[in-house]
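*Asks:* Protein chains in written order, with UniProt numbering: chain A, 1 to 372; chain B, 1 to 148. By construction, the Cβ of each residue, glycine as well, lies at the ideal position given by its N, Cα and C atoms. This one's a predicted model, so the numbers in the text were calculated from it and none came from an experiment. So that we are looking at the same thing, I have put the structure below in structure tokens.
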Amino acid sequence: MSDGGGENGSEQTQPRKSGGDDFAQAIAKVAVAQICESEGFQAFQNSALETLSDIAVRYIGSIGKNAHSYANLAGRTECNVFDIIQSLEDLGSVQGFSGASFVDHSLSSSGVIREIDQYVGESGHIPFAYSIPEFPVVKERKLTPSFFQTGQEPPDEHIPSWLPVFPEPHTYARLPLPDEKAIEPMIRMELQKDRKVDQSVLNLHQRLVSNGLEGPSSVYPGDPDKVKQAEESNPFLAAPLEFGEKEVSRVILPAKLANEPALESRVTENHVMNNRFAVLETFAPAIEAIKEGSFDSEGQKRVLLNRRPTVKFKIGIGKKSFGSMIHSTPENEGLKKISPWFKGESEKDEKKRRAEKILKESMENSQELAQL
Amino acid sequence: MNQNQNQNQNQNQNQSQQSSDGRHEDDTALSEFLASLMEYTPTIPDELVEHYLGKSGFQCPDLRLIRLVAVATQKFVAEVATDALQQCKARQASIVKDKRDKQQKDKRLILTMEDLSKALREHGVNVKHQEYFADNPSTGMDPASRDE
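Laid out in structure tokens, this is it:
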């Protein structure tokens, strides 16, 4: 079979999997399926349907190709009926048709046409199942109008008026560039402007800090000037204090615990300190520092030491380990001895233990911080 | 020579001036047939035919000619399908009678590659597919058990 439609001849039996022709292939499949159904088939093998539709499409292509070549042979570009009939006769020569043996037979009374006429009369009238949009979709190109169409005069004599108009002059015309001397002051001005903006931002920062409203720090390392300024305004960035440079107050205990005889001495000591801070207040600097994302550990430490006069704990009932709390410090030893007797009144015991634990922890913590 | 060529061309176009009355009759019959195609809508849509004819270099604004090609293609496909149907029926009839009872439930007429390739061979299209080509899970079994 001659290769119709300029398609790849090597894939004669296998339908192409890809290619821009999927839509037409699908339509051909539907049409061929309809024809086969009208002939009496009830089902298809998919490959058979694809093969037959591919062959039908190639048949159309062959007719077109042959008709076109016959038209060219007669010196025409457009085909007429006789080209098509001739081409159909060529394709039908395998099967044979009536009158094929006469070399000089008339094309208008060709056996092929008679057969087709007969087929049209016999076959049922089965239109295609779907309505088909125009395809292939060709994008409409919008051409640039010519000088003549726009009514403009070409800028030069040698440009004919049928050529497209020039684009806007600013798209191609060369603009005069100011010389370097003129540019330099401009750049300097720009730089100064930048600096001014920086300073105003810094001022804003300082004001915020003094109001205690400082947001996220925008001081970048690597700018010594700014860092210095920031250190002055921001306590978190200042150099750390040495141990002992500043007095750190002891942790204060809740009033409830002050009544315990075993802890009396310490509690009295703690009670001396009257300046109390809420827990949240005490830890505020640390929280802020974390929020700011400044991981300058030195600054953080200093702040913690500096701003930690007392810690006030609120005791809630949570299930924490009681048993491991009792250490063999001298104060606790008395407790240990007593503890078996308090088994009945476990609530009291529990409270006592927890108080003990918290005290211990706070002590350790403060020591640790100091060591840091 | 020149005259001979002219004659051939005239015959191709069938507009020979040495026309007789018979020719005139043929011409009117042809134009009538073409006119009748305008009322007949072939199953193969015009758009599809136009698309593939355009791809092959065919140029013609006349819808009747496109319809003619569509009808010719439809006829070709129908002929192939009829042949394949005959093949299918013949194959089903050739099955041994005792197996036909089991077959009754699946006596649908299915267009298979086997029948299609036989039908197409008569039309000059040589379709060969692998014996083991699997269209469905039952392909590959021996024909008797496959048809059950």
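If we ignore side chains and look at the alpha-carbon of each, how far apart do Phe-295 of chain A and Pro-235 of chain A end up?
*Replies:* Low confidence applies to Phe-295 of chain A: its pLDDT is 47, below 50, so where it sits in the model is not reliable enough to give any reading.
*Asks:* Does Phe-102 of chain A come out as helix, strand or coil in the three-state DSSP assignment?
*Replies:* Coil, per DSSP.
*Asks:* State the Cα-Cα distance for the pair Leu-177 of chain A and Pro-169 of chain A, rounded to the nearest angstrom.
*Replies:* Going by the C-alpha atoms only, they are around 16 Å apart.
*Asks:* Identify whether Leu-34 of chain B lies in helix, strand or coil by the three-state DSSP scheme.
*Replies:* Helix.
*Asks:* Classify Pro-185 of chain A as buried or exposed, calling it buried when 16 or more other Cβ atoms lie within 10 Å of its own Cβ.
*Replies:* Exposed: under 16 other Cβ atoms inside 10 Å.
*Asks:* According to DSSP, is Phe-236 of chain A part of a helix, a strand, or is it coil?
*Replies:* The answer is helix: DSSP assigns Phe-236 of chain A an H, G or I state.
*Asks:* Are the C-beta of Leu-177 of chain A and some C-beta of chain B separated by less than 8 Å?
*Replies:* Judged by the 8 Å Cβ criterion, Leu-177 of chain A is not in contact with chain B.
*Asks:* Following the continuous alpha helix (DSSP H) through Phe-76 of chain B, name the residue where it begins and the one where it ends.
*Replies:* 63–93 is the extent of the alpha helix (DSSP H) around Phe-76 of chain B.
*Asks:* Under 7 Å Cβ-Cβ, which residues of chain B neighbour Asp-117 of chain A?
*Replies:* Neighbours of Asp-117 of chain A on chain B, chain order: Phe-33.
*Asks:* Take the Cβ of Ala-78 of chain B as the centre, count every other Cβ of all protein chains shown within 10 Å, and call the residue buried at 16 or more, exposed below.
*Replies:* Classification of Ala-78 of chain B: buried, given that the 10 Å Cβ count is 16 or more.
*Asks:* Kindly give me the distance between the Cβ atoms of Asn-92 of chain B and Lys-107 of chain B, rounded to whole angstroms, as I take these residues to be in contact under 8 Å.
*Replies:* Contrary to the premise, residue 92 of chain B reads as Gln rather than Asn in this sequence. So it is a contact: roughly 7 Å between Cβ atoms.
*Asks:* Per DSSP, what kind of secondary structure is Ser-93 of chain A in: helix, strand or coil?
*Replies:* Three-state DSSP puts Ser-93 of chain A in coil, outside helix and strand.
*Asks:* Within the same chain, show all residues whose beta-carbon is closer than 6 Å to that of Val-49 of chain B, passing over the 5 residues directly before and after it, in chain order.
*Replies:* Correct list, in chain order: Ile-66, Val-69 and Ala-70.
*Asks:* Between the alpha carbons of Thr-43 of chain B and Ile-55 of chain A, how many angstroms are there, rounded?
*Replies:* If you take the alpha carbons of Thr-43 of chain B and Ile-55 of chain A, they lie about 16 Å apart.
*Asks:* Let me confirm a value: Ile-35 of chain A is counted as buried when at least 16 other C-beta atoms fall within 10 Å, else exposed. Which label applies?
*Replies:* Answer is buried; the Cβ neighbour count reaches 16.
*Asks:* Helix or strand or just coil, what does DSSP make of Leu-175 of chain A?
*Replies:* Three-state result, Leu-175 of chain A: coil.
*Asks:* When you compare only the Cα positions, how much space is there between His-271 of chain A and Glu-247 of chain A?
*Replies:* With a pLDDT of 46 at His-271 of chain A, under the threshold of 50, the modelled position of that residue is not reliable, and the figure given next carries that caveat. His-271 of chain A and Glu-247 of chain A: Cα-Cα distance of roughly 17 Å.
*Asks:* Using DSSP with H/G/I as helix, E/B as strand and the rest coil, what is Leu-241 of chain A?
*Replies:* DSSP places Leu-241 of chain A in coil when its eight states are reduced to three.
*Asks:* Gln-59 of chain B touches chain A at which residues, Cβ-Cβ below 9 Å?
*Replies:* What Gln-59 of chain B touches in chain A: His-68, Ala-71, Thr-77, Glu-78 and Cys-79.
*Asks:* Taking only beta carbons into account, state which residues of the stretch 29–47 of chain A come closer than 7 Å to chain B, listed in chain order.
*Replies:* Hits within the stretch, in order: Ala-31, Val-32, Gln-34, Ile-35, Cys-36, Glu-39, Gly-40, Phe-41, Gln-42, Ala-43, Phe-44, Gln-45, Asn-46 and Ser-47.
*Asks:* List, in order along the chain, the chain A residues whose C-beta lies closer than 9 Å to that of Leu-120 of chain B?
*Replies:* Ordered by position in chain A, the residues that pass the 9 Å Cβ test against Leu-120 of chain B are Thr-51, Leu-52 and Ile-55.
*Asks:* Out of curiosity, what's the CA-to-CA distance linking Phe-148 of chain A and His-51 of chain B?
*Replies:* If you take the alpha carbons of Phe-148 of chain A and His-51 of chain B, they lie about 36 Å apart.
*Asks:* Which term fits residue 376 of chain A, buried or exposed, when burial requires 16 or more other beta carbons within 10 angstroms of its beta carbon?
*Replies:* Residue numbering for chain A in the displayed model covers 1 to 372; residue 376 of chain A lies beyond these limits and cannot be assessed.
*Asks:* Assess contact between the stretch 31–45 of chain A and the stretch 73–91 of chain A, defined as three or more Cβ pairs (one per stretch) separated by less than 8 Å. Is contact present?
*Replies:* Contact between the stretch 31–45 of chain A and the stretch 73–91 of chain A is absent, because fewer than three Cβ pairs lie under 8 Å.
*Asks:* Less than 8 Å between the CB atoms is what I'm expecting for Arg-64 of chain B and Leu-37 of chain B, so what's the real figure, rounded?
*Replies:* Correct: roughly 5 Å between the Cβ atoms.
*Asks:* Is Glu-39 of chain B near the ligand FMN, with its Cβ less than 7 Å from a heavy atom?
*Replies:* This structure simply doesn't include the ligand FMN, nor any ligand for that matter.
*Asks:* Which stretch, first to last residue, makes up the alpha helix (DSSP H) that contains Gln-118 of chain A?
*Replies:* Its alpha helix (DSSP H) spans residues 111–122.
*Asks:* Taking beta-carbon pairs under 9 Å, can you tell me which members of the stretch 69–87 of chain B lie near chain A?
*Replies:* Those would be Val-69, Ala-70, Val-71, Ala-72, Thr-73, Gln-74, Lys-75, Phe-76, Val-77, Ala-78, Glu-79, Val-80, Ala-81, Thr-82, Ala-84 and Leu-85, in chain order.
*Asks:* For the putative contact between Val-81 of chain A and Leu-34 of chain B, defined by C-beta atoms under 8 Å, what is the C-beta separation to the nearest angstrom?
*Replies:* Val-81 of chain A to Leu-34 of chain B, Cβ: 7 Å. Contact.
*Asks:* Starting from Phe-58 of chain B, follow its DSSP beta bridges and name the residues at the other end.
*Replies:* None, per the DSSP bridge assignment.
*Asks:* Given this structure, state the Cα-to-Cα distance separating Asp-46 of chain B from Leu-143 of chain A, to the nearest angstrom.
*Replies:* Cα to Cα, Asp-46 of chain B sits roughly 30 Å from Leu-143 of chain A.
*Asks:* Using alpha carbons as the reference points, say which of A:Val-165, A:Pro-127, A:Leu-191 and A:Gly-111 lies closest to Glu-39 of chain B.
*Replies:* For Glu-39 of chain B, the nearest C-alpha among the options comes from A:Pro-127.
*Asks:* State the beta-bridge partners of Phe-44 of chain A as determined by DSSP.
*Replies:* According to DSSP, Phe-44 of chain A bridges with B:Leu-111.
*Asks:* Would you tell me roughly how many angstroms separate the C-alpha atoms of Tyr-130 of chain A and Asn-66 of chain A, rounded to the nearest one?
*Replies:* Going from the Cα of Tyr-130 of chain A to the Cα of Asn-66 of chain A covers about 30 Å.
*Asks:* Can you name the start and end residues of the alpha helix (DSSP H) that Thr-150 of chain A belongs to?
*Replies:* 147–150 is the span of the alpha helix (DSSP H), which, as asked, contains Thr-150 of chain A.
*Asks:* Interface residues of chain B around Val-94 of chain A at Cβ under 8 Å?
*Replies:* Those are His-123 and Gly-124, listed as they occur along chain B.
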